[in-house]
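Chemist: Take a look at this one; I'll ask things after.
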Amino acid sequence: MGLVQWATSPLGQNVPIHIAWFLIWVALIAGMAFLAAHAIYMKVFAKEKEFATSDSIYDSGKLPVRIPRHSLTARLFHWIMAASMLTLLFTAFLPKVGVQFDWVTYHWIAGTVLTISILFHIIHASFFLDFWSIWPDRTDLEDAKSRTLRFFGRPAALPRKFAKYPLENKLYHGTVMLTGLAVIITGVCMMFRVRTIFFPRNPYLFGDMTWGLMYVLHGLAGVLFITLVILHIYFAVRPEKLPITAGMVFGTMSREFYLKEHDPTRWAVESSKPQPGTSHGD
Amino acid sequence: MAVIRDVMPAFQLLQPTSVADAQNLLQKHGNHAMALAGGMDAFDWLKDRIRKPAAVVDLSGIEELRGIRATTDGLEIGAMTTLTEVVNHPVVKQQYGLLSEAASFVASPQIRNQGTLGGNVSQDTRCWYYRAGWPCYRAGGNICYADTPVGRNREHAILHADRCVAVNASDTAPALIALDAKFVIKTAKGERVVNAEDYFVGPEHDITRMNILQPGDLLTSIRIPAAWAGSQFFFEKVRDRNVWDFPLLNVASAMRLSGNTIQDIRIAVNAAAARPVRLKAVEDAVRGRVRNASTGEMAGKLAVQGAVPLQFNAYKIPLMRNLVKRAITGVQEASWA
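Protein chains in written order, with the working numbering: chain A, 1 to 282; chain B, 1001 to 1337.
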């Protein structure tokens, strides 16, 4: 059973046409299996999170009760992107599993919304937010190594508290970014094959092989998103992550949670900057 | 076009003698089975070796699928009743002349002797790219070869195209929609009765099917209610040659008049889209109006709203406008006031 469906073009060329649709179920089952395994691990085996004590001095009393985490603009982007992403997934895959409806128009409209929102996000994050806060840094990698060693019972220093985003968030963002770019770029090209309000149809924009590979890449990225979205929603509703999820709804998190999990020297909130003359908690 | 090889691929020929047996066989073989009615469509697929079913379920030995029966509310026509029987049946001719006339326009006498009513409404599209076995959308691929700047699309869709621009070529389908017929389908979950227009599927809902039949389903009969018996009927088919040809467009209407006022009407066209299209907007617009040329004119213009021509089929728009005009007035254009 191949991962890709092939067909013979009118020119006799063997060309890919799209992914094998059983991959939808593979992605769904993989997501659910991870979810189940992680939930069991967290319930039975996981230990309380441990962080190294920071020696930086800050006056927690000066911190606001609610720590600002996401601006209204960032939250609007997130929920618009989420709505368009869910619409894209449902309109793409429900017809493939037997739920028939007029899906193409909804799909390309949702794709357009996603594309515009992502373009906005790139500009917003590059020029108006702390661009580097979502990318893994050296501290993340060192702490990830420590956590891994400690997980396997090997001696290692305690990891430091997180910056604004834990490493897992950053890696998830990177994966979503790459998958999203793949699905968007191929999706925009595929819009040349259907009737939209944007440009005249041109099915000859690429050759059969290029089109086929584009459909395959679009499909692979699409089914990967099934797993990624399952994981994202799962972690969003996990009890220990709820303060972070609430931050994406209300824009803030509690001072207690901030001090428990985040390092003010790595994610400085206005009044939580270290006092002059202190170290940065390395 | 596909090379006719004339030697069909090997398959298991199954010849049930009851609907229950046929349904069991179709369900057992699922996607790997092909139902064979008159064979007028199916044999092309087999001889071109485009479709290679593991099993062919021949329905010709099932007596209960044949014949035209009077019911308390009209007629019930078995799906395996031949088109010639439909054309010649006295009650169909007298009370439901629209269907009789539509069936008489199908192909040639020889084909009508062999072809069935169920087969005619369930036939696959005639798009040659698709029937040649090319990997188009309808065949599960990712392109429509007809909807390209140089695609041969003179016979293709002007309405409701969605990636695929193939059309439904049935002549009896619009007549059955106009008569408010019900299609009786045996499914794994039991009997299902659907309105004629709901039997057909456009590419926006399922690009690989022409109708709602799922693997294992069997169309057993078509019920025609008495509601439209003896109404004013109109059927016209335009084709490239006057015998043995598929429609470039056809129109069917059933109308009830009060004096010269249109009391009620049902009207449908086919070969304009991948499914026969009931023109509800036209029905609503002309109901209560005087039946004359100006009403016909208005109806014709309304009917083609939203039509999008392809490279070579723009002629279908005025053609459809005029056919709808004629269906409303019920007369040839030359005799209009």
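We put the beta carbon where it would ideally sit given N, CA and C, even for glycine.
1. For the putative contact between Ile1207/B and Leu1176/B, defined by C-beta atoms under 8 Å, what is the C-beta separation to the nearest angstrom?
2. Could you tell me the distance, in whole angstroms, from the CA atom of Pro95/A to the CA atom of Ser1122/B?
3. Does the segment 1140-1158 of chain B come close enough to the segment 1218-1235 of chain B that 3 or more CB-CB pairs lie under 8 Å?
4. In the DSSP assignment, find the unbroken alpha helix (DSSP H) run with His107/A in it and report its ends.
5. Below 8 Å between beta carbons is the criterion; list the residues of the segment 1283-1294 of chain B that meet it against any residue of chain A, in chain order.
6. Does Gly960/B come within less than 8 Å of chain A when only Cβ atoms are used?
7. Please compile the residues from chain A whose C-beta is within a distance smaller than 9 Å of the C-beta of Trp1134/B.
8. Sorted by chain position, which residues of the same chain lie with C-beta nearer than 6 Å to Met85/A's C-beta, five sequence neighbours on each side aside?
9. Could you tell me the distance, in whole angstroms, from the CA atom of Val160/A to the CA atom of Ala36/A?
10. Mind checking if Phe101/A is an interface residue toward chain B, Cβ cutoff 8 Å exclusive?
11. So, under 8 Å CB-CB, Phe1200/B and Ala1173/B are touching, yes? Tell me the CB distance rounded to an integer number of Å.
12. Mark Met32/A as exposed unless 16 or more other C-beta atoms lie within 10 angstroms of its C-beta, in which case mark it buried.
13. Hey, is the segment 1047-1062 of chain B in contact with the segment 1005-1014 of chain B, meaning 3+ C-beta pairs nearer than 8 Å?
14. Against chain B, does Val194/A count as a neighbour if the rule is that its beta carbon must be under 8 Å from one of theirs?
15. Whole angstroms are fine: how far does the CA of Glu1197/B sit from the CA of Val1282/B?
16. With three or more C-beta pairs closer than 8 Å as the rule, is the segment 182-191 of chain A touching the segment 1120-1135 of chain B?
17. Could you name the residues of the same chain whose beta carbon sits closer than 8 Å to that of Met190/A, not counting the 5 residues immediately before and after it, in chain order?
18. Inspect the beta-carbon positions of Ile134/A and His173/A and report whether they are closer than 8 Å.
19. Would you kindly work out how many angstroms separate the C-alpha atoms of Leu220/A and Trp267/A, rounded to a whole number?
20. Identify the contact partners of Thr1071/B in chain A, using a Cβ-Cβ distance below 8 Å as the criterion.
21. Can you give me the Cβ contacts of Asn1250/B inside the same chain, cut-off strictly under 8 Å, excluding the 5 residues immediately before and after it?
22. Looking at chain B, is there any beta carbon in it that lies within less than 8 Å of the beta carbon of Val4/A?
23. Listed in chain order, which residues of the segment 14-36 of chain A have Cβ atoms closer than 9 Å to some Cβ of chain B?
24. Under the DSSP definition of a beta bridge, which residues are partnered with Pro68/A?
25. With 8 Å set as the bound, which would you pick, yes or no: does the beta-carbon of Phe204/A sit closer than that to a beta-carbon of chain B?
26. Would Val183/A pass as an interface residue toward chain B - the criterion being a Cβ-Cβ separation below 8 Å?
27. Could you tell me which chain B residues have their CB closer than 8 Å to the CB of Tyr165/A, listed as they occur along the chain?
28. Consult DSSP for Thr278/A and reduce its assignment to one of helix, strand or coil.
29. Where Asn1209/B and Pro1215/B are concerned, what is the direct C-alpha to C-alpha distance, given to the nearest angstrom?
30. Less than 6 Å between C-beta atoms, sequence neighbours within five positions excluded: which residues of the same chain meet that for Ala156/A?
31. Tell me whether Pro1247/B counts as near the ligand SAH, meaning its Cβ is closer than 7 Å to at least one heavy atom of that ligand.
32. For Met1001/B, count neighbouring C-beta atoms within 10 Å of its own C-beta (all shown protein chains included) and say buried if the count is 16 or more, exposed if not.
33. Nearest by alpha-carbon distance to Ala246/A: which of Gln13/A, Ala30/A and Trp79/A is it?
34. Answer yes or no: do Leu1075/B and Val1087/B have a C-beta to C-beta separation smaller than 8 Å?
35. Sort Tyr258/A, Gly153/A, His124/A and Ala182/A by Cα distance to Lys47/A and report the nearest one.
36. Within the 8 Å Cβ cut-off, does Thr1148/B reach chain A?
Modeler: Taking the coordinates as given:
1. Contact flag wrong, Cβ pair sits at about 24 Å.
2. Computed Cα separation, rounded: 22 Å.
3. The answer is no - the segment 1140-1158 of chain B does not touch the segment 1218-1235 of chain B, with fewer than three Cβ pairs under 8 Å.
4. Per DSSP, the unbroken alpha helix (DSSP H) holding His107/A starts and ends at Val104 to Phe127.
5. Of all residues in the segment 1283-1294 of chain B, none has a C-beta nearer than 8 Å to a C-beta of chain A.
6. Residue 960/B is absent from the model: chain B starts at 1001 and stops at 1337.
7. Neighbours of Trp1134/B on chain A, chain order: Ala7, Thr8, Ser9 and Pro10.
8. Once the five neighbours on either side are set aside, Met85/A has no close Cβ partner at all.
9. The sequence given here has Arg at residue 160/A, not Val. Rounded to the nearest angstrom, the two C-alpha atoms are 28 Å apart.
10. Phe101/A counts as touching chain B.
11. Taking C-beta atoms under 8 Å as the contact rule, Phe1200/B and Ala1173/B qualify, at a distance of about 7 Å.
12. If you draw a 10 Å sphere on the C-beta of Met32/A, you find fewer than 16 other C-beta atoms in it, and that means exposed.
13. Verdict: yes, contact present.
14. Contact with chain B is found for Val194/A, since one of that chain's Cβ atoms lies less than 8 Å from the residue's Cβ.
15. Taking the straight line from one Cα to the other gives about 16 Å.
16. The segment 1120-1135 of chain B is not in contact with the segment 182-191 of chain A.
17. Sequence-distant partners of Met190/A (beyond 5 residues in either direction) whose C-beta falls short of 8 Å from its own C-beta, in its chain, are Met214, Tyr215 and His218.
18. Yes; because the gap between Cβ atoms is below 8 Å, this pair is in contact.
19. So the two alpha carbons sit approximately 36 Å from each other.
20. Ordered by position in chain A, no residue passes the 8 Å Cβ test against Thr1071/B, which lies about 31 Å from the chain.
21. Short of 8 Å from the beta carbon of Asn1250/B, and not among the five residues preceding or following it, lie these beta carbons of its own chain, in chain order: Ala1102, Phe1105, Asp1171, Pro1174, Phe1235, Glu1236, Lys1237, Val1238, Val1269, Asn1270, Ala1271 and Leu1323.
22. Not closer than 8 Å to any Cβ of chain B, the Cβ of Val4/A fails to qualify, so no.
23. Of all residues in the segment 14-36 of chain A, those with a C-beta nearer than 9 Å to a C-beta of chain B are Val15, Ile17 and His18, reading in chain order.
24. Paired residues: Thr252/A.
25. Looking at the sequence itself, residue 204/A is Tyr, so the reference to Phe does not match. Residue contact check for Tyr204/A against chain B: a CB pair falls below 8 Å.
26. For Val183/A, the answer is no, since every Cβ of chain B falls outside 8 Å of its Cβ.
27. Listed along chain B, no residue sits closer than 8 Å to Tyr165/A by beta-carbon distance, the nearest being about 38 Å off.
28. Any reading at Thr278/A must be qualified, since the residue scores a pLDDT of 38, below 50, and its modelled position is unreliable; no value is offered.
29. The displayed chain sequence assigns Arg, not Asn, to residue 1209/B. Using only the alpha carbons, I get a separation of about 11 Å.
30. For Ala156/A, where only same-chain residues beyond five positions count, the Cβ hits under 6 Å are Ser146, Leu149 and Arg150.
31. Inclusion of the ligand SAH in the displayed structure is not the case, the ligand content being empty and no account of it being possible.
32. With a pLDDT of 49 at Met1001/B, under the threshold of 50, the predicted position of this residue should be treated as unreliable, though the coordinate-derived value follows. Taking a 10 Å sphere around the C-beta of Met1001/B, we find fewer than 16 other C-beta atoms and assign the residue as exposed.
33. It is Trp79/A.
34. Result no, Cβ atoms of Leu1075/B and Val1087/B do not sit closer than 8 Å.
35. Measuring from the Cα of Lys47/A, the nearest candidate turns out to be Gly153/A.
36. Chain A, which has a Cβ nearer than 8 Å to the Cβ of Thr1148/B, makes this yes.
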